[in-house]
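Let me begin by presenting the structure, written as structure tokens, before commenting on it.
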Amino acid sequence: MSFDHFLHWLDATQFSAVMRESVWAEPIVETIHVLTLTLFLGFVLLLDLRLLDVVLRRKRVSEMFEQFNPWLFRGFAVMLVTGLLLFSADPVNFYSTLFFKLKMVMLVLAGVNVAFYHATIGKHIAEWDVAAVTPWKVKLCGVVSLVLWVGIVACGRGIAYALPPP
Amino acid sequence: MTSLKDLILAFCMWCNESYVGHTIRDSVWLFPFVEIFHLLALGVLGGCMLVLNMRLMGIGFRTDSVSDLARDLRPWIIGSIAVMLVSGFLLFSTEAVKMYGNWGFQVKMLFLVLSIVFTFTIHRRVTSHDGAAAGVRWTTALLSLAMWAMVGLGGRSLGYITTAASAVKP
């Protein structure tokens, strides 16, 4: 089954129809998706800004990860589930927009950035954890993450405007 | 006699007809562009408020004292509120008269005023020292979260509430 077939199959499911046609499903799910930006996006931005040495400098970076990670995972889980639900309401049209594809690419890149951090400079965190300034590689990861998440928010907003009117 | 209601309506009409209102309304991309700033600032403000209030309740970030955390986050809270207010006003100015008759918007503005006043008075006082009693800390944190949540929910409701077009005939 090609991806295109999958999109049309999903679009034809009763689940998709309920998401699309119910008066309350979409507003409720979208509200959860948007307001969870406070937990997920907010914590990501604070973490990135800490890597750039501009916020919460009192805290060690390892301490930031320890305390923020559990909440980041919870926030991401909510974003992922609600995002998939919103997508399933109108998969063919979502996928037809450039913004949706861009958003997915940037999400993958954000994941790659996290993996890159942990495979390289993050491994040696003990060496710079208490340093007055974070190494430039750490700052680079922070900037890349910031740029990607700003782009992901922008594309998310763009999808709503690029979708054909109902 | 001019009532407060008339004054507010006159202000909304002025916003609607202002240069800013016209420009954003007539552009395809300006409205979503401003919305992006509104959402990013939502992330920063909400994130800071969650961190600070969770610390206040003692359910996280306990390696920092309440007052240290409050001091570190204050510029970000003030900055993000400023971005929210400016971007929010720009969005409002494109459909100010419609918003005048939208009860979701009225709820949002009521809780926005309450939240801001609370943040810079009681919340600020309770978070400026570390000796507040558990009851005071929990009440302050929960009130702060609940009031800001109402602002967010009010904002989400705006697009779904259909205002009677007949209510206002400019």
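Chains as they are written, first to last, in this note's numbering: chain S, 28 to 193; chain X, 312 to 481. All residues carry an ideal CB built from backbone N, CA and C; glycine is no exception. In this text the structure is predicted, and so the values were computed from the model without any measurement.
In the three-state reduction of the DSSP assignment, residue 162 of chain S falls in the coil class, being assigned neither a helical nor a strand state. In this structure residue 392 of chain X is in contact with residue 427 of chain X, their Cβ atoms being roughly 7 Å apart against a cut-off of 8 Å. In the three-state reduction of the DSSP assignment, residue 413 of chain X falls in the coil class, being assigned neither a helical nor a strand state.
For the pair residue 49 of chain S and residue 456 of chain X, the Cα-to-Cα distance works out to about 29 Å. For residue 372 of chain X, the residues of chain S that pass the 7 Å Cβ criterion are 94, in the order they occur in the chain. Separation of residue 39 of chain S and residue 383 of chain X (C-alpha to C-alpha, rounded to the nearest whole angstrom) is 51 Å. 54, 58, 61, 62, 64, 65, 66, 68, 69, 70, 72, 73, 82 and 83: these are the residues of the stretch 53-84 of chain S whose beta carbon lies less than 7 Å from some beta carbon of chain X, given in chain order. Contacts with chain X at 8 Å (Cβ-Cβ) include residue 86 of chain S. Proximity of chain X to residue 177 of chain S at the Cβ level (cut-off 9 Å) is accounted for by 347 and 351, in chain order. Boundaries of the alpha helix (DSSP H) around residue 455 of chain X: 445-468.
Judged by DSSP in its simplified three-state form, residue 31 of chain S adopts helix. A Cβ-Cβ contact shorter than 8 Å links residue 72 of chain S with residue 354 of chain X.
Cβ contact annotation for residue 84 of chain S (same chain, cutoff 7 Å, sequence separation greater than five): none. Counting along the chain, residue 406 of chain X sits inside no alpha helix (DSSP H), nor does DSSP assign it H or E at all. The Cβ atoms of residue 346 of chain X and residue 184 of chain S lie closer than 8 Å to each other. Between the stretch 324-341 of chain X and the stretch 396-408 of chain X, the count of Cβ pairs shorter than 8 Å is three or higher; the stretches touch.
180, 181, 184, 185 and 188: these are the residues of the stretch 178-189 of chain S whose beta carbon lies less than 7 Å from some beta carbon of chain X, given in chain order. One finds 82, 83, 84 and 85 in chain S with Cβ atoms closer than 8 Å to the Cβ of residue 383 of chain X, taken in chain order.
DSSP places residue 376 of chain X in the coil class of the three-state scheme, outside both helix and strand.
Using a CB distance cut-off of 8 Å, residue 326 of chain X does not count as an interface residue toward chain S. Chain S has a Cβ within less than 8 Å of the Cβ of residue 362 of chain X. If you draw a straight line from the Cα of residue 387 of chain X to the Cα of residue 469 of chain X, it comes to about 26 Å. When the beta-carbon positions are compared, residue 34 of chain S and residue 119 of chain S come within less than 8 Å of each other. The DSSP-derived three-state label of residue 427 of chain X is helix. For residue 97 of chain S, the uninterrupted alpha helix (DSSP H) segment begins and ends at 88-116. For residue 319 of chain X, the enclosing alpha helix (DSSP H) starts and ends at 315-328. In this model, residue 67 of chain S and residue 166 of chain S are separated by some 20 Å (Cα to Cα). Beyond the five residues adjoining it in sequence on each side, residue 53 of chain S comes within less than 8 Å, by CB distance, of 46, 47, 113 and 116 in the same chain, given in chain order.
In chain order, 34 place their CB closer than 6 Å to the CB of residue 122 of chain S, counting only its own chain and leaving out the 5 sequence neighbours on each side. For the pair residue 105 of chain S and residue 328 of chain X, the Cα-to-Cα distance works out to about 40 Å.
Check the Cα spacing between residue 416 of chain X and each of X/322, X/318, X/348 and X/472: the tightest is with X/472. Shown here for residue 360 of chain X: same chain residues with a beta carbon closer than 8 Å to its own, the five before and five after excluded, namely 388, 455, 456 and 459 in chain order.
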